[in-house]
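J.: For the sequence shown, the numbering used here assigns the number 10 to the initial residue and increments by one for each residue that follows. I am attaching a structure below and will ask some questions about it afterwards.
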Amino acid sequence: MEVELKKRDDESRTQYIFRLATMKDRGELDMTWDELAKVLNEELGLSYGSSAYRKPYTQAMTFYNEVFANQNESEAAKELREARQELYKERTRLRDERNQLNRQLREEARKEAFLEEVKNTLAEQIPIKVEKKQDTGNQDVDAIVCLSDMHVGVTANNAQNEYNTDVMLERLSDYLDEIGIIQNRHHAHTCHLCLLGDQISGSIHASITATNSVNTVQQIKLACTAISQFVEGLAEIFYRVNIYSVSGNHSRVNSNKDDNIPGDNLDSLIAFYLEAALGSNPRVKIFNTSDVANFYDYSRLFYTDAGRIVVAVHGDLDSPNNVVSNMTQLYGETPDIVLMGHMHHSAMNTVGKTRVIQCGCLCGTDGYAFNKRLFAPVEQTVIITSGRKTVECIYNVSLEDENVYPFEE
């Protein structure tokens, strides 16, 4: 490569000297400093010795390398790194927004399809036999009727239990008969029906899906129509029926509980259906989730005619030991009675002055529980409360046979 030793028209004298000295320093000019000084003197019309060129250049390069070279390189690298980071953040933000939008669109599409299928399958009514009789009752006495853990759709056939849709309907019919017997004893004016969750089996685990006889939509259909007929039976026994519903863990839409959006529970469709099906009945009132003052996610507060404070929860988010404290902090007042399900067996505990009453299950021991040796009696709970006493009587209503076991206080 031919080296240009002449001064360029666009170069100053200093720039010309620096260019040739730099080329010599990089080995592009095979000259000594004396030879380079001769070339520079001839081109610039000067008569300097080599040191006149060598010393200023050496000082300039030393200053540049120690001050500007590292600083410029660091700043350039920093600017490049920051630019790359901003680009990465912007690409990540756009990707997350796109993924979130796609996820929302998929969820909306699934929900719309699911609700459409629910609408198409909720037409058929399933009859439950009930003897028609009504008691205006004592306005100072309330009956709290619990209906918990029906697990509609699951099937069981083991040494402890047989359960399917037909058995479920028979047990509801038997439950109504026993409630009628209890009403004849106590003559309650108002029945507070508490749907304590897990009314459907759901499909949150593969082991559960394997024991289901029908899909989730059919489970909702069966639960809605069966409970609707059950409520109509209660309206023939009591002068007034108030209905409160909380959701359980089996009814969540997303099988992963950490990804499930609060409120996305299929149990909530039951209250929606009951309001549509029974809204014209003057003796039935459904308190749905729009009553936000007394509804928080998976709990419900209501008052009896005598002013008793009752809170209903499913039980998967609370324990009998902490539920009173949790609900007191949530609602700002201490309940007189807390109702729970979830554990599949009846129990009662007293925390301070609050009665914590745990309801049994309608489904009984299924395959999962049987293999775990978690045997559960088939029973539901009815509580009689009044202005005289918070709990007059608790009935653990056994639906395995015709026995009802009252515990008088």
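Built from N, CA and C at the ideal position, the CB exists for glycine as well.
Locate the alpha helix (DSSP H) running through S407, then write down its first and last residues.
T.: Taking the first residue of the sequence shown as position 1, residue 407 is located at position 398. No alpha helix (DSSP H) contains S407, which is instead part of the beta strand (DSSP E) from C402 to S407.
J.: Between P344 and M336, how many whole angstroms is the CB-CB distance? I'm expecting something under 8 Å.
T.: In the sequence shown, residue 344 corresponds to position 335, counting from 1. In the sequence shown, residue 336 corresponds to position 327, counting from 1. Indeed, because the Cβ distance is near 6 Å, the residues count as touching under 8 Å.
J.: With distances taken Cα to Cα, identify the nearest neighbour of Y66 among L89, L29, E52 and M349.
T.: As a working mapping, residue 66 is identified with position 57 in the sequence shown. For Y66, the closest of L89, L29, E52 and M349 by C-alpha to C-alpha distance is L29.
J.: Between Y404 and chain D, is any beta-carbon pair separated by less than 8 Å?
T.: Of the protein chains in this structure there is only one, and it is not chain D.
J.: Since T313 contacts V319 with CB under 8 Å, what's their CB separation in whole angstroms?
T.: In the sequence shown, the residue the question calls residue 313 occupies position 304. In the sequence shown, the residue the question calls residue 319 occupies position 310. Contact flag correct, Cβ pair sits at about 6 Å.
J.: What residue range does the beta strand (DSSP E) around T359 cover?
T.: Locating residue 359 in the sequence shown gives position 350, where the first residue counts as 1. Note, T359: beta strand (DSSP E), A356 to V360.
J.: Determine the closest residue to R382 out of N111, T374 and Q389, with distance taken between C-alpha atoms.
T.: Here residue 382 refers to the residue found at position 373 of the sequence shown. Comparing Cα positions, the closest option is T374.
J.: Return yes when the C-beta of L185 is under 7 Å from any heavy atom of the ligand MN, and no when it is not.
T.: No copy of the ligand MN appears in this structure; indeed no ligand is present at all.
J.: Going by beta carbon distance, what residues of the same chain come within less than 7 Å of N423, once the five residues before and after it are set aside?
T.: The structure shown has nothing for residue 423, since the chain only spans 10 to 418.
J.: State the Cα-Cα distance for the pair S256 and G361, rounded to the nearest angstrom.
T.: Taking the sequence shown and counting its residues from 1, the one referred to as residue 256 is at position 247. Taking the sequence shown and counting its residues from 1, the one referred to as residue 361 is at position 352. About 27 Å.
J.: Count the other CB atoms within 10 Å of the CB of N427; is the residue buried (16 or more) or exposed (fewer)?
T.: Absent from the structure is residue 427, since the part of the chain shown begins at 10 and ends at 418.
J.: Just verifying my parser: in three-state terms, what is the DSSP assignment at C200?
T.: As a working note, residue 200 is residue 191 in the sequence shown. Strand.
J.: How long is the line joining the alpha carbons of K47 and E13, rounded to whole angstroms?
T.: As a working note, residue 47 is residue 38 in the sequence shown. As a working note, residue 13 is residue 4 in the sequence shown. When rounded, the distance between both Cα atoms is 15 Å.
J.: Give me, in chain order, the residues of the same chain whose beta-carbon lies closer than 7 Å to that of A232; leave out the 5 immediate sequence neighbours on both sides.
T.: Counting from 1 along the sequence shown, the entry for residue 232 is found at position 223. Cβ within range, chain order: M159, V161, Q208, I209 and I279.
J.: If you check the beta carbons only, do T394 and E401 fall under 8 Å apart?
T.: Here residue 394 corresponds to residue number 385 of the sequence shown, with the count starting at 1. Here residue 401 corresponds to residue number 392 of the sequence shown, with the count starting at 1. The answer is yes: Cβ separation under 8 Å.
J.: Between the Cα of Q24 and those of M40, L53, E44 and E37, spot the shortest distance and give me the residue it belongs to.
T.: Stepping through the sequence shown from its first residue, residue 24 is reached at position 15. Cα-wise, what sits closest to Q24 is L53.
J.: Work out the CA separation of I190 and T145 for me, nearest whole Å.
T.: As a position in the sequence shown, residue 145 is number 136, starting the count at 1. As a position in the sequence shown, residue 190 is number 181, starting the count at 1. Their Cα atoms are separated by approximately 15 Å.
J.: Are the beta-carbon atoms of W42 and Y73 separated by less than 8 Å?
T.: Counting from one through the sequence shown, the residue named residue 42 turns up at place 33. Counting from one through the sequence shown, the residue named residue 73 turns up at place 64. The answer is no: Cβ separation not under 8 Å.
J.: Given Y340, which residues of its chain have a CB within under 6 Å of its CB, disregarding the five upstream and five downstream residues?
T.: Taking the sequence shown and counting its residues from 1, one reaches residue 340 at position 331. Here the set comprises L310.
J.: Kindly indicate the opening and closing residues of the beta strand (DSSP E) around E388.
T.: Position 379 of the sequence shown holds residue 388. From DSSP, the beta strand (DSSP E) with E388 extends over E388 to S395.
J.: Do the CB positions of L178 and S254 come within less than 8 Å of each other?
T.: Mapped onto the sequence shown, residue 178 falls at position 169. Mapped onto the sequence shown, residue 254 falls at position 245. Cβ distance not < 8 Å, so L178 and S254 don't count as in contact.
J.: If you draw a straight line from the C-alpha of N111 to the C-alpha of R100, how long is it?
T.: Taking the first residue of the sequence shown as position 1, residue 111 is located at position 102. Taking the first residue of the sequence shown as position 1, residue 100 is located at position 91. Each residue's alpha carbon lies about 16 Å from the other.
J.: Quick check on this structure: which residue in S407, T399 and I392 has the alpha carbon closest to the alpha carbon of R194?
T.: The count along the sequence shown starts at 1 and reaches residue 194 at position 185. Of the listed residues, the one whose Cα sits closest to R194 is I392.
J.: Under the rule that 16 or more other beta-carbon atoms within 10 Å means buried, what is L348, buried or exposed?
T.: For this step, residue 348 is matched to residue 339 along the sequence shown. L348 sits buried, since 16 or more C-beta atoms from the chains shown fall within 10 Å of its C-beta.
J.: Straight-line CA distance for F379 to P386?
T.: Here residue 379 refers to the residue found at position 370 of the sequence shown. Here residue 386 refers to the residue found at position 377 of the sequence shown. Roughly 12 Å between the two C-alpha positions.
J.: Based on DSSP bridge pairs, tell me the residues matched to E171.
T.: For the purposes of this step, residue 171 is taken as the residue at position 162 of the sequence shown. Beta-bridge pairing links E171 to N166.
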